[in-house]
Amino acid sequence: MSIILNCLIAGDGLPDIFKVNIKKEETVGQLIKAIEETRDAGEIKLWKVNIPLAYNNKKLITLINDPIADAREFGGTKLSEKIKISSVFNNSNMSLDIIAEPRVSFRYCTNNKELVPGDLIKLDAWEGMIEIKNGIPRIRYNSVYLNSFKEFVQASYRHQQPNLSKETLKIYLHESKITINWQEFRKRVLHERKIKRDLCKLHEKEPFTSLQAREPSDTEYDKLADQASKFGLIREKFIDWICSISAELLSTQTLEYWLLSYVSETSPEEANFWSEMISPRNWLLLCFEINIETAIAIVNGVSENYLGQQTPRYWVEDWIKQLANKPSSEFKNFINNANANELTFYEHELYPTPILVVNPYKNSTSLKCSSFMVKIFLYSDNILKIY
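Numbering (full-length UniProt numbering), first residue to last: 1 to 387.
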């Protein structure tokens, strides 16, 4: 049996929460490997946290205000790589289960040029300088070359205080000419790594507008996934879902049907209300597998008060329906040229449709609809009312 865990890399914001599907009988070490293979975070250690995303609580507020805060401030428990997933996790709904903290080890810091030769590692009156020895960055303490922060702490106190850790260190960055304590250094490093991850995402990300120009893929599944991406859905997530549908069924329904079915089946219960603690944009990103451009477009498309009158699920479904049923340019021209409050007939290939264009502006004689979405309602007497 598998379990789905909500994870976040330390330093990332709430919209960056991602899900990991892992078997319960696997170990935390295997979970670490799975995260490292899919996320550009380097070596990580995992903290178990339980932070509800839908409620006003101190843990969530701390995380929002300081994404690089120590996981222990959230009541986090560091996980041993040897324990089984089943012994520490149950299926969660809308809670953050794991904070994956990139390791701030000496080796990793020097490999990433976060520490360079000439920097000093300090502990009370003792200090060691980073130098290159046999092609490898090391800490020179007196005449001894050390390979880690832990070795430096142990050498400084000659094992007299074994409980001391690297968190008691201070770092002198010679290029910046500043000395900072371990907590400040950790936050600085994690913040810089976050910036690098964001830059990599921007470099690799395909612009939203270019999706219209993509060549369709070979299979019907790929074609549907390409179309889903044009609606702002995450392509990889959608294709994982649509591939569970038999190929024979794909052609029996419209694209709009499959998109709405996907949203209905994959969105959580929290998609039926808004969170007071999280911005509408971020809440949409948490509840739905959509890109940030789509979330921004949905939120900015209506007033704040009107947005809150309907559920997040309503607005995402409305977004899909609007894009799937865009009026043709011919129909838009017809509406723009129609007289307000006057019954007219729209001639098309099926049969003439009686239409009543209702003018929302009292002092105008005709309705111009090019600047907003046309709303259409079907009357019982088969007259379309447009306003």
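Glycine residues also receive a C-beta, built at the ideal position from the N, C-alpha and C atoms. Fair warning: this is a prediction, and the values are worked out from it, not measured in the lab.
Listed in chain order, the non-local C-beta contacts of residue 88 below 7 Å within the same chain comprise 48, 79, local neighbours out to five positions each way being set aside. Closest option to residue 148, judged by alpha-carbon separation, among 174, 142, 121: 121. With respect to residue 85, residue 27 sits close: the two C-beta atoms are nearer than 8 Å.
Take residue 255, set aside five residues on each side of it, and the residues of its chain with a beta-carbon closer than 6 Å to its own are 227, in chain order.
Ranked by Cα distance from residue 241, the options 251, 261, 19 are led by 261.
Between residue 145 and residue 42, the C-beta spacing is not below 8 Å. Take residue 319, set aside five residues on each side of it, and the residues of its chain with a beta-carbon closer than 6 Å to its own are 298, in chain order.
For residue 50 against residue 2, the beta-carbon gap comes to about 20 Å, at or over 8 Å, which does not count as contact. Across the set 316, 221, 111, 125, the C-alpha of 221 shows the shortest separation from the C-alpha of residue 248. Residue environment for residue 46: buried (at least 16 other C-beta atoms within 10 angstroms of its C-beta).
Shown here, residue 321 sits in a helix according to DSSP, grouped into three states. In this structure, residue 4 lies away from residue 102, with their beta-carbon atoms at least 8 Å apart.
Residue 126 is bridged by DSSP to 123. With distances taken between CA atoms, residue 98 lies nearest to 52 out of 52, 287, 193.
By the 16-neighbour rule on beta-carbons within 10 angstroms, residue 343 is exposed. Fewer than three pairs of CB atoms, one per stretch, sit closer than 8 Å, so the segment 125-134 makes no contact with the segment 57-65. According to DSSP, residue pairing for residue 95 in a beta bridge involves 52. Taking 8 Å as the cut-off, the beta carbon of residue 192 is found no closer than this to the beta carbon of residue 182. Contact between the segment 303-320 and the segment 264-274 is present: 3 or more CB-CB pairs across the two stretches fall below 8 Å. Under the three-state reduction of DSSP, residue 69 is assigned to coil, being neither helix nor strand. When DSSP states are grouped into helix, strand and coil, residue 106 belongs to the helix group.
Secondary structure of residue 27 (DSSP, three-state): strand. Listed in chain order, the non-local C-beta contacts of residue 137 below 7 Å within the same chain comprise 110, 117, 130, local neighbours out to five positions each way being set aside.
Around the beta carbon of residue 165, fewer than 16 other beta carbons lie within 10 angstroms, which makes this residue exposed.
Per DSSP, reduced to three states, the secondary structure at residue 268 is coil, with no helix or strand assignment. Non-local C-beta neighbours of residue 324 in its own chain, meaning closer than 6 Å and more than five positions away in sequence, comprise 256, ordered along the chain.
The shortest C-alpha to C-alpha distance from residue 74 to any of 135, 321, 139, 60 is the one to 60. By the CB criterion at 8 Å, residue 290 and residue 15 fall outside the cutoff.
Judged by their CB atoms, residue 307 and residue 295 are not nearer to each other than the 8 Å cut-off. Using a 10 angstroms sphere on the CB of residue 12, the tally of other CB atoms reaches 16 or more, which defines it as buried.
The C-beta of residue 135 has fewer than 16 other C-beta atoms within 10 Å across all chains shown, which makes the residue exposed. Inter-residue distance for residue 224 and residue 330 is about 27 Å (C-alpha atoms, whole angstroms).
Counted as a single uninterrupted DSSP element, the beta strand (DSSP E) harbouring residue 2 occupies residues 2-9. Using a Cβ distance threshold of 8 Å, residue 267 and residue 238 do not count as a contacting pair.
For residue 304, the closest C-alpha among the options 219, 279, 71 is that of 279.
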